[in-house]
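Participant:
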Amino acid sequence: TQLLEQSPQFLSIQEGENLTVYCNSSSVFSSLQWYRQEPGEGPVLLVTVVTGGEVKKLKRLTFQFGDARKDSSLHITAAQPGDTGLYLCAGGPDQTGANNLFFGTGTRLTVIP
Amino acid sequence: NAGVMQNPRHLVRRRGQEARLRCSPMKGHSHVYWYRQLPEEGLKFMVYLQKENIIDESGMPKERFSAEFPKEGPSILRIQQVVRGDSAAYFCASSPLGTSARRNKQETQYFGPGTRLLVL
Chain A
4 TQLLEQSPQF LSIQEGENLT VYCNSSSVFS SLQWYRQEPG EGPVLLVTVV
54 TGGEVKKLKR LTFQFGDARK DSSLHITAAQ PGDTGLYLCA GGPDQTGANN
104 LFFGTGTRLT VIP
Chain B
30 NAGVMQNPRH LVRRRGQEAR LRCSPMKGHS HVYWYRQLPE EGLKFMVYLQ
80 KENIIDESGM PKERFSAEFP KEGPSILRIQ QVVRGDSAAY FCASSPLGTS
130 ARRNKQETQY FGPGTRLLVL
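Protein sequence lines correspond, in order, to chains A and B. Read left to right, the first sequence gives residues 4 to 116 (our numbering). Read left to right, the second sequence gives residues 30 to 149 (our numbering).
1) Would you verify that the beta carbon of threonine 144 of chain B is, or is not, closer than 8 Å to some beta carbon of chain A?
2) Can you tell me where the beta strand (DSSP E) with valine 148 of chain B in it begins and where it stops?
3) May I ask you to report which of helix, strand or coil DSSP gives glycine 69 of chain A?
4) Using a C-beta to C-beta distance shorter than 7 Å, which residues of chain A count as neighbours of glutamine 109 of chain B?
5) Please confirm if the stretch 106-124 of chain B is in contact with the stretch 52-61 of chain B, defined as three or more CB-CB distances below 8 Å between the two stretches.
6) Note down, in chain order, all residues in the stretch 32-55 of chain A with a beta-carbon under 9 Å from any beta-carbon belonging to chain B.
7) Buried or exposed: which applies to glutamine 35 of chain B, given that a residue is buried once 16 or more other Cβ atoms fall within 10 Å of its Cβ?
8) Give the residues from the stretch 48-72 of chain B that approach chain A closer than 8 Å (Cβ to any Cβ), ordered along the chain.
9) Say whether chain A places a C-beta atom closer than 8 Å to the C-beta of alanine 130 of chain B.
10) Taking valine 33 of chain B as the reference, give the member of A:Gly107, A:Val31, A:Leu7 and A:Gly45 with the closest Cα.
11) Distance check for threonine 80 of chain A and lysine 73 of chain B, CA to CA, integer angstroms please.
12) So, does the CB of phenylalanine 106 of chain A fall closer than 8 Å to a CB anywhere in chain B?
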C-alpha cells in the first residue's frame, strides 16, 4: 500500500503568517497533485507537478516537487482566513502503473483573523 | 459545463439495507473513479471504471460492494447489507482519459461533492 504522509496534521496560524505543508512518500510518482477540500465538499485541484524539482506558483501558494519525485511541499505566504481548509496531496501513477490516486493523510489548516 | 454530480448528497440507511450511490461524470469524460473517505482519514481508492468496463477494483471490499458504469446513465456504487463501518463519505471523480504509467501522465481527476452515508 502506497502511503503519502503529510505534516503537520493540524496547523493553526494567525492571518498574515507564512506556513509550509509537507508531503512525503517512499514511492516515486509520475506526478503529484495538491487539493483543497472544504467541509461537506469534494477535493478541488490546486496544482499538478510532474517534473522532479519543479516549482509552481499560484498567487500566494508555492508548490515544489522533490528532485526524486517522492516528496512535495506547499508554502503559503501571508495566509488569509479564506485559506482555511483541508489540504491533500495525491500521487499517481506510481511505478506499478496503478490507475488511481494515492492520497495523503491531509493537513487541516485554520487561519485565525 | 456542469461538474461531476453525485446524488444523493446524504443517505441514511439502517443496518442490513442497501445503499445506491450515483455519479454523473463531467460531459465528455468516460473514466470514473470511486473513493471512500472514512472519518478523520484520507481518501482511499475503491474502483476505476470506463464505460461498461471495470478497469481496476483493487480497492473494493471483497463482499457487499459492487460498481458499474453502464453505456447510458450514471455510474452506480452499490453497497448491500450495509454495516455501521460503511458510514463514510464516498467521492466520485472523472477524467477524460484514463491514467497510464506508460504515458507517464496523470490525467486530472475532477471530484464530485460526495455522498455522505450514515448507517444507523
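Glycine included, each C-beta is placed from N, C-alpha and C at the ideal position. As the structure is a computational prediction, the values presented were derived from the model and not from experiment.
Facilitator: Straight from the coordinates:
1) no
2) 144-148
3) coil
4) Close to glutamine 109 of chain B, with beta-carbon spacing below 7 Å, lies no residue of chain A; the smallest spacing is near 23 Å.
5) yes
6) Phe32, Ser33, Ser34, Leu35, Gln36, Tyr38, Gln40, Gly43, Glu44, Gly45, Pro46, Val47, Leu48, Thr51 and Val53
7) Glutamine 35 of chain B should be labelled buried.
8) Tyr62, Tyr64, Glu70, Gly71 and Leu72
9) Confidence in alanine 130 of chain B is poor, its pLDDT being 47 and thus under 50, which makes the residue's placement too unreliable to answer from.
10) Nearest C-alpha to valine 33 of chain B: A:Gly45.
11) One C-alpha to the other measures close to 30 Å.
12) Closer than 8 Å: yes.
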